[in-house]
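Everything below concerns the one structure shown next.
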Amino acid sequence: MCPTGSSLRQATAVRSEFRPAFEVLDADRDGKISREDLRSFCAGFPWGVAGDDEVIGTMISVADTNKDGFVEYDEFERVLDGRISPRNKGGGGGGGVMEDVFKVMDRDGDGKLGLEDLKSYMSWAGFSATEEDIKAMIRLGGGDESSGVSYDGLLKILAVDYD
25 MCPTGSSLRQ
35 ATAVRSEFRP
45 AFEVLDADRD
55 GKISREDLRS
65 FCAGFPWGVA
75 GDDEVIGTMI
85 SVADTNKDGF
95 VEYDEFERVL
105 DGRISPRNKG
115 GGGGGGVMED
125 VFKVMDRDGD
135 GKLGLEDLKS
145 YMSWAGFSAT
155 EEDIKAMIRL
165 GGGDESSGVS
175 YDGLLKILAV
185 DYD
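When you line the sequence shown up against this note's numbering, it's residues 25 to 187, in that order.
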């Protein structure tokens with residue numbers, strides 16, 4: 025309960041649609057995404073981004089509106105919602121960080137997350153998911169086993185409301 029008598033529960037529920045994606049990136053579970061968290065996330069992928077401090081720094085600075093060197097959930101949510109601050113030229117479009125996440129997950133670079141892409145990512149991230157679970161995720165995102173799921177489909181998967 026807040027001092028005003030209102031509850032934070034409603035605000036938290038409304039703001040939780042991107043929480044699963046945030047938690048994947050917050051490797052040390054401290055409630056904020058750091059350079060080390062991003063480095064850890066990217067480490068298993070062929071791009072070599074994990075060792076590129078400039079790329080990692082750019083990813084942080086795009087979302088870090090309060091300039092503390094970390095991306096807190098509200099900043100992360102603004103990026104995913106497309107409500108990037110005015111300092112980010114280009115305004116409110118483009119998925120920014122989320123598009124980068126998609127590219128990292130798309131190991132074969134075909135623009136879709138197929139069964140193998142998702143199996144590989146889930147295994148790397150330490151999530152136990154059966155092949156049937158992954159196929160269900162693909163269907164949830166509007167794709168099928170043969171074609172996989174698009175970037176928009178990934179956003180649908182991550183934005184599932186569990187309430």
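Virtual Cβ for every residue (Gly too), placed ideally from N, Cα, C.
Could you tell me the alpha carbon to alpha carbon distance between residue i and residue j, rounded to whole angstroms?
i    : j    : result
D157 : D134 : 22 Å
D124 : L62  : 11 Å
S64  : D76  : 12 Å
A160 : F42  : 19 Å
K136 : S174 : 5 Å
I162 : G93  : 34 Å
K56  : M146 : 21 Å
Spatial neighbours of residue i within its chain, please: CB distance less than 6 Å, with the 5 preceding and 5 following residues excluded, ordered by chain position.
i    : result
A45  : L182
K113 : Bear in mind that a pLDDT of 37 at K113, under 50, signals an unreliable position, so the model cannot answer this.
G118 : Here G118 scores only 47 on pLDDT, less than 50, and its place in the model is too uncertain to base an answer on.
G177 : G165, G166, G167
If the criterion is Cβ atoms closer than 8 Å, does the pair residue i and residue j meet it?
i    : j    : result
M129 : L104 : no
I84  : R102 : no
Got a sec? Which residues, its chain only, sit under 7 Å from residue i by beta carbon, not counting five neighbours each side?
i    : result
G138 : G172
Excluding sequence positions up to five away, which residues of its chain have a Cβ less than 8 Å from the Cβ of residue i?
i   : result
R53 : E47
To which residues does DSSP link residue i through a beta bridge?
i    : result
E47  : DSSP lists no partner for E47.
K56  : E96
V173 : L137
(message) If we require 4 or more residues per run, which alpha helix (DSSP H) segments fall completely within the segment 117-171?
(response) 121-129, 139-149, 155-164
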